[in-house]
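Asks: Those letters in the sequence shown? Residues -26 to -1, 1 to 1247, per mature numbering (1 follows the signal peptide of the UniProt record, and there is no 0), in order. Glycine is no exception: its CB is placed at the ideal position from the N, C-alpha and C atoms. This is the structure I want to talk about, given as structure tokens.
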Amino acid sequence: MKNWLKKCSVALLVFSMIGTTMPVYAADAPAAEEQTTESQQTEGQASEPQADESQQQEEQPAEKEQTTEEQQSVSENNQGEVVQEQEEAAEQEDQTEQSKMNYAYVESPYLETPDTQRIVVSWGKEDEYIDQMVLHVRKDDDTWEDWYISRSEGNLYLFEKYYEDEYQGGTYEVVSISVTENGETTDYALSDLGVEARFGVNQEYDGIDELQPVDEEQEEAVAEDAANVSISTINEDGTIEEQNSIEDALQAAQTDILASTPATLSLDDDTGISTYAAKSGKIVVALDPGHDNRDAGASANGLREEALTLKIANYCKAELEQYYGVEVYMTRTSSACPYPNETPAGGCITARANAAAKAGAKIFVSFHLNAAATTAAYGAEVIIPNYNWKSDVGAQGRELASKILSELTSLGLYNRGLYYKTGTEPEYKYPDGSLEDWFTVQVANKYNGIPGIIVEHAFITNSGDVNNVLNTEAGLKRLGVADATGIANYLGLSKEKVEWKTVNGKKYCYVNNQRVTGERQIGGHWYYFDGNGVMQTGFVNLGSKTVYYNSDGQMLYGEQKINNAWYYFDTITGARITGFYNLPGKTVYYGSDGQMRYGEQKINNAWYCFDTITGARVTGFYNLSGRIVYYGADGKMRYGEQKINNAWYCFDTITGARVTGFYNLSGKIYYYGTDGKKRFGEQKINDAWYCFDTSTGKMITGFYDLPGKVVYYGADGKMLYGEQKIGNCYYYFDPTFGSMYVGWKTVNKKSRYYQENGCCTIGEYKIDDKWYYFDKNGIMQTGFVDLPEKTVYYNENGVMEYGEQKINDAWYYFDMITGKMATGFCELPEKWVYYGSNGKMLYGEQKIGNYYYYFDTVFGSMYSGWKTVNGKTRYYQSNGQGKTGEYCENGKWYYFDKNGIMQKGFVQLPEKTVYYNENGVMQYGEQKIGNYYYYFDTVFGSMYSGWKTVNGKTRYYQSNGQSKIGEYCENGRWYYFDKNGVMQKGFVQLPGKTVYYNGSGVMQYGEQKISDAWYYFDTITGKMATGFYNLPGKTVYYGTDGKMLYKEQKIGNYYYYFDAVTGAMVKNTTINGHYYDNTGKRVEKQQEASHLIVNTSTTNVTQMVQFYKNTGETYPTEKLKKGGAESIEKFASIYYEEATAEGVDPAVAWCQSMKETGWLQFGGQVKIEQFNFAGLGATDNGASGADFSKYGENGVRMGVRAQIQHLKAYAVSGLTEKDLKYTCVDPRFRLVNKGSAKYVEWLGTHENPIGAGWATGVEYGQGIIKLMNQLEK
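What follows is the structure, encoded as structure tokens:
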């Protein structure tokens, strides 16, 4: 696609050049892009010259001195506009005599910041020369810009302006153009030329949508003019092909679209690539001899590019290898393509770049030769990476290119500068979304983080370049050595062993291990080190001379631009030059600070002028910032009257400006024509009439009597017309003849009345019995006017109005006699109204003075009664004022604050607090407000505090009126109020206790018989007792409901017996065949037990595995391998190892796990993923128990270990965590009654002698014994 755009750009460039007699609107603007840029070839150029001659810069050294500026393609905006003359044939003939403008081209009718606007002006013929051209551009805020020529080619002049910030947004118009030819400057207004040149920055201007493509008639004219024009396209490899027409060029471009898809970047052959940096620790430099036998490049004058680039690269390599600490990597060493499997050009270049990166290259230099359609193009240029993405790579590429280009130009090659080119197609973007570079060398290397540059050494099509450097081995070697020197300077290389060190920000140099001081030449550059060896930069005074060292410490020579100022340093000694100095083709001046001076300069009491661009000393007539001055042969400015070429001129005695036009000479105004000659008598100048004394030439001003009329010449001498202010009065003069006028006159919608003396009327004035008013400028007034002590109103005819008037949808009232505008209250028929300070009738709610009023929203009549506005309710009295304070209506009390707003809620009145409901009515009696109950006096509405019983409900109202909630103590007695504040009686559940309140609401203590049941309440806290309790002479038991229990009761795991009358627990007594011991527990026959938990092993792993397999259950491999037990064998081994380590019989633990997990199928509240194989922590209330999955691949082992440790805790009395073989992982170890179940049979609480145990299930331990017996069999 890039190839397609390049072809289109060439074709459309030719199209724009031939369309100079008609306006053209281009949907895309590649023509403008190519017209103003340097020749920009692809890396692979063909043997035929290029067709775009306009791209080459011929013999313009002043323009070419700017060698460090980018030559970016002119436009990345797809809009273009050519604005040209469209006048009648007669006007065109007349215009030709006044200007030589062919057309003006505005590249972008609309652009967005940041972007560059470019305007091209075609002026005169190609062989004509002008001194200077300036565009005068006006912004829509009436600020002005002057644009100067940035580049020219033949009779085409390019102007550029960079718009960076949003504040520069607006519409711009080129208003005029100043052209200086042969020392004389002429201004041309574009409107007079029939040309409109406008554009918008971040803003479209009116009319931009009206731009249209050329119509059929214009298209035929273009086709006729283009009949003899050569149309060319540039192929992918850079060759130029002739086409028969623009249509053919575009068609040729279309055919290559499919070929434009970039190939995948890959290397078929990595052999021979060694990572030099890794082997030697040296800097690796990649040299890329451009082209090869598959992609031959350009050829001319019997020379072939691919052959010469290899020779230059080899000479460069040989020179580089003389430097210390560098290794050279060559992308090719013969004419053969190094990567034949890749596509020519792009694919091969990418492979070369990737190979260089693998070799550890720090820089990538691609060697090329230039070619052009014209043999006049000459010189060296370097293509660098753009600053999109990896901007540091772009900066490195620029610095490297500058070093190389400096060396090449030192050979006498013309400096064509540096430039980069950015692609235009949105599908080719870097990872950050910015557009890629145009050339593959930059793109591929930037992806590798390496600065890749293309060095176009010279033009193979130019005989001068060929004879100078290309057709001899010596010349090619000079190029290679220059390249190597530039690379060495960039990398800081030296042919001696040079080591640079930076300490605390200071740079030192060691040559052959010795610290350098003073002046020293290193790597082809002079440096200066102070007495401590610190490298110096910037200006340095060496005693007999001042020199300059750049940021790298290198001494500079010749012309140098430093901090935007030009200096000159002796090319041998480097000494800074001051005073007049002869440079090739010009004399310049350097000040005492060494800076080149520009423009006007006063030297030894004489004024000189130096060209603002080149600094060249000026002689003869000169346009100096818009004024013509004259410098003698010695360059000094001349003043006063001067006789030049037998003609007298006058030059300003101070500025030296040549006088043209009006001039004040000794207090008298004279006029000099454009040729500088004085004029006399009546003169029409710039369409204005003047009168100059026929004897002295003095200009006439003021009133002047002419036959039949009085006229007036202004202070500038021009005859005045129309409306004029003279002194403090306005006059009107006939717009054609200038004669003074009397009577009514309306100009620009402003009416005045001119009296007999011609002066306009001011102030109040009665005309035809109607009052009018004229301001200080004599303008008749309409609308409101402030007169002394009153405001009045004049209608659209200027006549004063009276009475009621509707003005701009608002009602006003004006006194019937004086016309004075009314304000404040006013009584109209059947209503009172109010006019504001601006006289307008007011409506709706209004605050007037200290009171609020309400006026009808339609008629403005004052309102009385209730009114709610914006949620605020007021009561307006008969006088209209909003009520404040207390107010009673229909037996209901209301309250209005100081703003008259009806209040709701609590209000503090003198000596009482009251409450008004949502309707603003005062409340009485018991009221629930929010979450609390309140009580208000039933007569006065005052809020109550203290005890109060209403409807059988007792509440206590606190000092803030709120009913008490919760516990409350008064006089040592505790009460309790529920969430509604009602005092409670009977049992009440409080946090942490149950208490009892009697019929008076008082909390009870000690033994209490309630509803024929005995209870006990703590004598201090009142807490109801539950469980065993010692009363005097007996132990009793209170159930969970607090009631005393009687007869046999099962409490926990034991049975007890309590006397049927007293409730006392019996001890050491047999009742109903049961014996109750001295603790009150019923004693049963002890469960026989025989199998110890802590015991020698009664099984083995093989037996355990077979026991499981005999069940037919499937081992859950997928689940348990996550915890480290991928098989039943591994699982059994873990059980055996963990049990025997703690002395627990593995059979007990194995059988328990099978019982708990249902043969590892789980299914209960414990999940297999927990690796909990004995229900540790799982309870009857649904708790899922301990989780050992946190141990990851050790989860199974940790779950088994916890089970073994828990069993051992039941079996061994006094066991502590320190007694365990491994760190305790049983989360419930501390909860076990140690030694409470040393037999397996005692693991169930029902069978355990003390009611302890592992599980509550009946015969839990017997179930494990049965499984153990089956295991043994």
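Cα separation between Leu1245 and Met1018?
Replies: In a straight line, the C-alpha of Leu1245 is about 51 Å away from that of Met1018.
Asks: Quick check on DSSP: helix, strand or coil for Lys1212?
Replies: In this structure, Lys1212 counts as coil in the three-state DSSP scheme.
Asks: With distances taken Cα to Cα, identify the nearest neighbour of Ile883 among Thr459, Gly859 and Gly573.
Replies: Residue 883 is actually Leu in this sequence, not Ile. The option with the nearest alpha carbon to Leu883 is Gly859.
Asks: Taking contact to mean 3 or more Cβ pairs, one atom from each stretch, closer than 8 Å, check whether the region 1157 to 1167 and the region 1180 to 1193 are in contact.
Replies: Contact between the region 1157 to 1167 and the region 1180 to 1193 is absent, because fewer than three Cβ pairs lie under 8 Å.
Asks: What is the rounded straight-line gap between the Cα of Thr593 and the Cα of Asp626?
Replies: Approximately 17 Å between the Cα atoms of the pair.
Asks: Figure out for me which residue from Asn419, Lys1093, Gln296 and Ala539 has the closest Cα to the Cα of Tyr572.
Replies: Comparing Cα positions, the closest option is Ala539.
Asks: Does DSSP put residue 1253 in a helix, in a strand, or in coil?
Replies: The structure shown does not extend to residue 1253, since the chain is modelled only from -26 through 1247, so no value can be given for it.
Asks: Run the CB neighbour count on Asn771, radius 10 Å, all protein chains shown included, and call it buried at 16 or more, exposed below.
Replies: With fewer than 16 Cβ atoms within 10 Å of its Cβ, Asn771 is classed as exposed.
Asks: Give me the DSSP bridge partner(s) of Arg550.
Replies: Phe543.
Asks: What does DSSP give as the partner residues of Pro709 in its beta bridges?
Replies: DSSP output for Pro709 lists no bridge partner at all.
Asks: Between Phe914 and Trp785, what straight-line distance do the alpha-carbon atoms span, to the nearest angstrom?
Replies: Answer to the nearest angstrom: the Cα atoms are 49 Å apart.
Asks: Give every residue of the same chain whose Cβ lies closer than 6 Å to the Cβ of Asn1042, excluding the five residues on either side of it in the sequence, and list them in chain order.
Replies: Excluding sequence neighbours, Asn1042 sits near Asn1052.
Asks: Helix, strand or coil: how does DSSP classify Ala418 here?
Replies: Three-state DSSP puts Ala418 in a helix.
Asks: Pull up the distance between the alpha-carbon of Asp688 and that of Gly635, whole angstroms please.
Replies: Per the sequence presented here, residue 688 reads as Gly, with Asp not at that position. Going by the C-alpha atoms only, they are around 16 Å apart.
Asks: Quick one: give me the first and last residue of the alpha helix (DSSP H) that Pro1120 is part of.
Replies: Its alpha helix (DSSP H) spans residues Pro1120 to Thr1131.
Asks: Counting along the chain, where does the alpha helix (DSSP H) carrying Phe914 start and finish?
Replies: From DSSP, Phe914 is part of no alpha helix (DSSP H); its letter is neither H nor E.
Asks: Give a yes or no on whether the C-beta atoms belonging to Lys332 and Gly423 are separated by under 8 Å.
Replies: Taking 8 Å as the Cβ cut-off, Lys332 and Gly423 do not qualify as a contacting pair.
Asks: With a 10 Å radius around its C-beta and 16 neighbouring C-beta atoms as the bar for buried, classify Ala36 as buried or exposed.
Replies: Because Ala36 sits at a pLDDT of 32, beneath the cut-off of 50, its placement in the model cannot be relied upon, and the following sentence gives the value as read from the coordinates. With fewer than 16 Cβ atoms within 10 Å of its Cβ, Ala36 is classed as exposed.
Asks: Applying the 10 Å Cβ sphere with the 16-neighbour rule, what's the burial state of Arg489?
Replies: Flag for Arg489 reads exposed.
Asks: Enumerated in chain order, which unbroken segments of the beta strand (DSSP E) with a length of 3 residues or greater are wholly contained in the region 75 to 135?
Replies: Runs of the beta strand (DSSP E) inside the region 75 to 135: 75 to 80, 89 to 97, 106 to 113 and 118 to 127.
Asks: With the cut-off set at 8 Å, would you say Phe554 and Thr545 are in Cβ contact?
Replies: For Phe554 and Thr545, no; Cβs fall outside 8 Å.
Asks: Are the region 582 to 592 and the region 562 to 571 touching by the rule of at least three beta carbon pairs closer than 8 Å?
Replies: Yes: at least three Cβ pairs fall under 8 Å.
Asks: Using a threshold of 8 Å, state whether the C-beta atoms of Tyr989 and Tyr1003 are closer than that.
Replies: No, the Cβ-Cβ distance between Tyr989 and Tyr1003 is not below 8 Å.
Asks: What is the rounded straight-line gap between the Cα of Ser525 and the Cα of Ser150?
Replies: Their Cα atoms are separated by approximately 44 Å.
Asks: Taking only runs that begin and end inside the region 342 to 386, name each unbroken alpha helix (DSSP H) of 4 or more residues, in chain order.
Replies: Those alpha helix (DSSP H) runs which fall completely within the region 342 to 386 and span 4+ residues are 365 to 383.
Asks: For Lys967, write down the residues that DSSP places opposite it in a beta bridge.
Replies: DSSP lists Leu964 as partners of Lys967.
Asks: Could you spell out the range, first to last residue, of the beta strand (DSSP E) harbouring Leu883?
Replies: Its beta strand (DSSP E) spans residues Gly879 to Leu883.
Asks: Give a yes or no on contact between the region 1072 to 1080 and the region 1141 to 1154, applying the rule of three or more CB pairs nearer than 8 Å.
Replies: Judged by Cβ distances under 8 Å, the region 1072 to 1080 makes no contact with the region 1141 to 1154, as fewer than three pairs qualify.
Asks: Quick one: using the 10 Å Cβ neighbour count with 16 as the cut-off for buried, is His1048 buried or exposed?
Replies: That one is exposed.
Asks: With Phe799 as the anchor, note down where its beta strand (DSSP E) starts and where it stops.
Replies: Here the beta strand (DSSP E) through Phe799 covers Gly798 to Leu802.
Asks: Count the other C-beta atoms from every protein chain shown that fall within 10 angstroms of the C-beta of Ala6, then say buried if there are 16 or more, exposed otherwise.
Replies: Residue placement at Ala6 is flagged as unreliable, the pLDDT there being 34, under the threshold of 50; a coordinate-derived value is accordingly withheld.
Asks: What three-state label does DSSP hand Thr459 in the structure shown?
Replies: Looking at Thr459 - three-state DSSP - the assignment turns out to be helix.
Asks: With Ser150 as the anchor, note down where its beta strand (DSSP E) starts and where it stops.
Replies: Run containing Ser150: Gly144 to Glu155, per the beta strand (DSSP E) assignment.
Asks: Could you give the DSSP three-state label for Asn515: helix, strand or coil?
Replies: It is a strand residue.
Asks: What does the alpha-carbon distance come out to for the pair His265 and Glu279?
Replies: Between His265 and Glu279, the C-alpha separation is close to 8 Å.
Asks: On the three-state DSSP scale, how would you describe Glu981?
Replies: Three-state result, Glu981: strand.
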